[in-house]
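Just below is one structure, and these are the notes that go with it.
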Amino acid sequence: MASALSPPRVPKPKYALPSHYHESFLEKKGPRDRDYKKFWAGLQGLTLYFYNSNRDCQHVEKLDLGAFVRLTDGAPSGSSRDSGTYFNLVLRNEEIKFKVESLESREMWKGFILTVVELRVPSNLTLLPGHLYMMAEALAKEEARRALEMPSCFLKVSRLEAQLLLERYPESGNLLLRPSGDGMGGVSVTTRQTLNGTPVVRHYKVKREGPKYVIDVEEPFSCASLHAVVSYFVSHTKNALLPFLLDEDYEKVLGPTPPTDGPKQPPPTSITPVSSQDKLPQLPNPDENYVIPISDAPAADYVNGDVPSPGRLVIQKPKKCHLAPKVQAKPPKPPIAPKPEPKGLSRGLARKLVFLPTTGLADVTAELEEKLQRRRAREHSAGLAEDQRVGLGAQRVSQVDPSSKN
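See below:
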């Protein structure tokens, strides 16, 4: 008897290794690590991925370079090791230390990281022409990738909500992108900096012209993507402006529109849910009003000249109202539209109805109609009585004067 055939073996799927702009071994030490730990690292986009080996497809750790501040060189303090194999990645809230195999590997990692963060190939590193060519290729891929996605600091908030977020969470960044509301695909950039001890909020318009984004400043600057717009502000301020990255969902932070009455609580100092009395009221169209009052005085805070300065604001004087001489101390009652004059109603009585107060008007009208019906009945009865009286009088006259019959 033939044995049953066993099902054919299905080959295990082969997972493709992830594609990176640059990859090699890195030894990493975080702020809570005691010593360096070796990983296979790969850079893709604005994320640095770490794997246990170069054959793994799933990363075990990752770092977001959106919070990038700077890169520094040097071995740990008190170490006699070669400082050319160490570099530090300073992020907004932490500092990560790395150790590589050679000086060339260190310069390569620094070059690729600066290329994707600043969207330009660095020129102040010790690199070979082949290295620069590889970074130029990575730059083209990164620009193409960013052209298809929004920056993480782009939030669908209004002008006032953007100012509120930057004020409440300064540790999360001070540069935010938002829709401009012009219907032309442009965006607005809101920044908040402390200058001479005073917080200053500024707004910039970025116009959409075909596939390009043009920053409307004194000398307009064209960018290929919104990521390039962010990089422009970061690089031109020497990292004084940093993209706003909030760990919590901004919609939960702002919350729905609260009631307008009631006292407001002071802004929180940490990332906590906002109370119902401290949420931002909605405006019909906040982006139509580019002059937002700061403190007690209005300020034209569109830096790129989209808003006229306060000195050029034209304040229209209120029109003078010619009031009639005051007749009585009590405020006049609201006028009541005249109703059509009822049939059979005298003109004087109909005119009185116009000035009746609105309270109980239906009852008064019903009462008048009842009186009118009674009056008509009395007039009708009086008319019949008069006709009878005239008839009787004529009959008596005819009896007294027989000649009236002729």
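Residues in the sequence shown are numbered from 1 upward in steps of one, following the UniProt record's numbering. Ideal Cβ positions, reconstructed from N, Cα and C, are used throughout, including at glycine. Since the model is a prediction, treat every value here as computed from it, not as a measurement.
Could you work out which residue in Ser123, Leu175, Leu160 and Tyr169 is closest to glycine 111 when comparing CA atoms only? Ranked by Cα distance from glycine 111, the first of Ser123, Leu175, Leu160 and Tyr169 is Ser123.
When the distance is taken between beta carbons, is valine 230 closer than 8 Å to valine 206? With a cutoff of 8 Å on beta-carbon distance, valine 206 and valine 230 are scored as not near each other.
Just curious, the alpha helix (DSSP H) that proline 129 is in, first and last residue? Here the alpha helix (DSSP H) through proline 129 covers 129-146.
Identify, in the order they occur along the chain, each residue of the same chain with its Cβ nearer than 6 Å to the Cβ of glutamine 58, setting aside the five sequence neighbours on each side. Taken in chain order, the list of residues that qualify is empty.
Report the option in Leu46, Lys38 and Arg374 whose CA atom is closest to the CA atom of glutamate 149. Looking at Leu46, Lys38 and Arg374, the one whose alpha-carbon comes closest to that of glutamate 149 is Leu46.
DSSP-derived helix/strand/coil call for leucine 349: Low local confidence applies: a pLDDT of 39 at leucine 349 is under 50, so the model's placement there is unreliable, and no value is given.
If you draw a straight line from the alpha carbon of lysine 28 to that of isoleucine 96, how long is it in whole angstroms? Rounded to whole angstroms, lysine 28 to isoleucine 96 spans 7 Å at the Cα level.
CB-CB under 7 Å to aspartate 64, same chain, minus the five flanking residues each way: which ones, in chain order? Within the same chain, Cβ atoms closer than 7 Å to the Cβ of aspartate 64 are found at Leu46 and Thr47, the five residues on either side in sequence being excluded.
Is the distance from the Cβ of leucine 119 to the Cβ of proline 151 below 8 Å? It is not a contact, given that the beta carbons lie outside the stated cut-off.
Closest by C-alpha distance to glutamate 101, when choosing among Phe25, Met134, Leu165 and Leu195: Nearest of Phe25, Met134, Leu165 and Leu195 to glutamate 101, Cα basis: Phe25.
Grab me the residues of histidine 20's own chain with a C-beta within less than 8 Å of its C-beta, minus the 5 sequence neighbours each way, in chain order. Non-local C-beta neighbours of histidine 20 in its own chain, meaning closer than 8 Å and more than five positions away in sequence, comprise Gly42, Leu43, Gln44 and Tyr49, ordered along the chain.
Which residue marks the beginning of the beta strand (DSSP E) containing threonine 47, and which one marks its end? Judged by DSSP secondary structure, threonine 47 falls within the beta strand (DSSP E) whose first and last residues are 47-51.
Close beta carbons around leucine 132, own chain, < 7 Å, minus the five adjacent residues each side: Within the same chain, leucine 132 has close Cβ partners Val121.
Based on the DSSP output, what are the partners of residue 475 in its beta bridges? Because the chain spans 1 through 406 in this model, residue 475 falls outside it and cannot be assessed.
Go ahead and pull the three-state DSSP assignment for threonine 115. Residue state, collapsed to three classes: helix.
With a threshold of 16 other CB atoms inside 10 Å of the CB of alanine 228, please say whether the residue is buried or exposed. Looking at its Cβ environment, which holds 16 or more other Cβ atoms inside 10 Å, alanine 228 is buried.
Below 8 Å on the Cβ atoms is my contact criterion, and I expect valine 214 with serine 222 to pass it. Report the Cβ-Cβ distance as a whole number of Å. 5 Å between Cβ atoms; contact.
Residue range of the alpha helix (DSSP H) that phenylalanine 233 falls in? First-last of the alpha helix (DSSP H) with phenylalanine 233: 226-236.
With 16 as the cutoff for other CB atoms within 10 Å, does methionine 184 come out buried or exposed? Around the C-beta of methionine 184, fewer than 16 other C-beta atoms lie within 10 Å, and the residue is accordingly described as exposed.
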